[in-house]
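Trainee: In this text, residue positions in the sequence shown follow this note's numbering: the first is 1, and each later residue adds one. Using N, Cα and C, we set each Cβ at its ideal position, and we do this for glycine too. This structure is in structure tokens; I'll ask about it shortly.
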Amino acid sequence: MKSVNQTSPVSLLIAVFALLTLLMLATRTHHFTSLNHLPSASIAIFFLAGMYLRNIKAFWFFYTLSITIDLASSYSRGQFGDCITSSYPMLVLSYGAMFTVGYYSKPNWQKNSWQINIIKVALALFIASSIAFFISNGSYYTLSGKFPELSWAEYGTRVDKYYFKSISNPVFYVISAVVIDFTVSHFFTDKAINTSTAASESANNSGKL
């Protein structure tokens, strides 16, 4: 995961990086009152960072940024104990799952049909979000020390309450990104290729004359 996708222009990677950074700053600063589920934008950000930035340095940047925002928000509210518990370090595994699955799920509009790409991304997002949820949710209930008497039956009711909401939270962000990706690839990249091909053919024909 150390290599950046060489088919993407550097300017485009910078734009994606800046957009994801602004998205995290805009949506995570409200903070979260518990670790029952991950913040929706953060899940999507790590998934999209893996998909489009494709560089492990991007993962550590967003992870560090998320910690900084959480600590600053907790300090301003004076409530470190609400979310910064002994289970907090497990978030790196949740985010790592999102980033890794996203890395291997990037759509290839030139090679595969849009239906195949959509199905691939949808399945990948479902799997990654589910893994992230159970790591974050399970670690919070088992490691935070706030639920010493929680039974499996009680935990099941809590999973039922939060699971669907958690895995559906990042859908809007990922769909928006995929639609933009498809539009850029279909209308701009293909147009650039066709223009380049036409220019090359015109040059060849002129040479023959």
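Quick one: give me the first and last residue of the alpha helix (DSSP H) that M24 is part of.
Mentor: First-last of the alpha helix (DSSP H) with M24: 10-28.
Trainee: Note down the Cα distance separating H37 from P9, rounded to an integer number of angstroms.
Mentor: At H37, the pLDDT of 45 sits below 50, so the modelled position is not reliable and the matter cannot be decided from this model.
Trainee: Going straight from the alpha carbon of K120 to that of A72, what length do you get?
Mentor: Distance between the alpha carbons of K120 and A72: 37 Å.
Trainee: Quick check on V184: buried or exposed, where buried means 16 or more other Cβ atoms within 10 Å of its Cβ?
Mentor: With fewer than 16 other Cβ atoms within 10 Å, it is exposed.
Trainee: For the alpha helix (DSSP H) that I175 lies in, which residues bound it at each end?
Mentor: Note, I175: alpha helix (DSSP H), 171-183.
Trainee: Going straight from the alpha carbon of T68 to that of F47, what length do you get?
Mentor: The straight-line gap from Cα to Cα measures roughly 20 Å.
Trainee: What is the DSSP secondary structure of R158, counted as helix, strand or coil?
Mentor: Helix at R158.
Trainee: Between the C-alpha atoms of F32 and L25, what's the straight-line distance to the nearest angstrom?
Mentor: Note on F32: pLDDT 45, under 50, position unreliable in the model; the coordinate value appears next. Taking the straight line joining both Cα atoms gives about 14 Å.
Trainee: Give me, in chain order, the residues of the same chain whose beta-carbon lies closer than 6 Å to that of G102; leave out the 5 immediate sequence neighbours on both sides.
Mentor: The answer, listed in chain order, is F47, G50, M51.
Trainee: Work out the CA separation of L125 and G156 for me, nearest whole Å.
Mentor: Spanning the two alpha carbons is a distance of roughly 22 Å.
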